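Residue numbers (the working numbering): 100 to 129.
Don't be surprised by glycine CBs; every beta carbon is placed ideally from N, CA and C.
Here the structure is a predicted model, which means the values were calculated and not measured.
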Amino acid sequence: YKPCDPQVIRDRVAHMEFCYQELCQLAAER
100 YKPCDPQVIR DRVAHMEFCY QELCQLAAER
């Protein structure tokens, strides 16, 4: 496991963006 691996970072960023979009949707539904 390499923390500098671009694939790992890309996965983490994509996951963060997904969670952020989910939060925005939940907030918008209120």
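Residue state for D110 is assigned as helix, using DSSP reduced to three classes. Counting only residues of its own chain and dropping the five nearest sequence neighbours on each side, E121 has no CB closer than 7 Å to any other CB. Secondary structure at C103: coil, using DSSP grouped into helix, strand and coil.
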